[in-house]
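Numbering (the working numbering), first residue to last: 200 to 265. Cβ coordinates follow ideal geometry from the N, Cα and C atoms, glycine included. One structure below.
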């Protein structure tokens, strides 16, 4: 069997769950707890977006777990 004759497979669906606002600290700690200075990471990302995008003026971001 060659690459061109392999049967195509349907991609698996990706499911997401919205992170509750009270769970944001746990979300950050779980995924970024080993990163030095992770507590500042969210603010740094917002500041970077503000610097890079003229139309971005802050927002509340919703997080999802995939």
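Option nearest residue 239 by Cα separation, candidates 218, 216, 224, 251: 224
Looking only at its own chain, which residues have a Cβ that is under 8 Å from the Cβ of residue 214, when we skip the five neighbours before and after it? 265
Using 8 Å as the threshold, is the C-beta distance between residue 218 and residue 226 below it? yes
Residue 256: which of 242, 263, 262 sits nearest, CA to CA? 242
Per DSSP, cross-strand counterpart(s) of residue 217: 263
Range covered by the alpha helix (DSSP H) that runs through residue 251: 237 to 251
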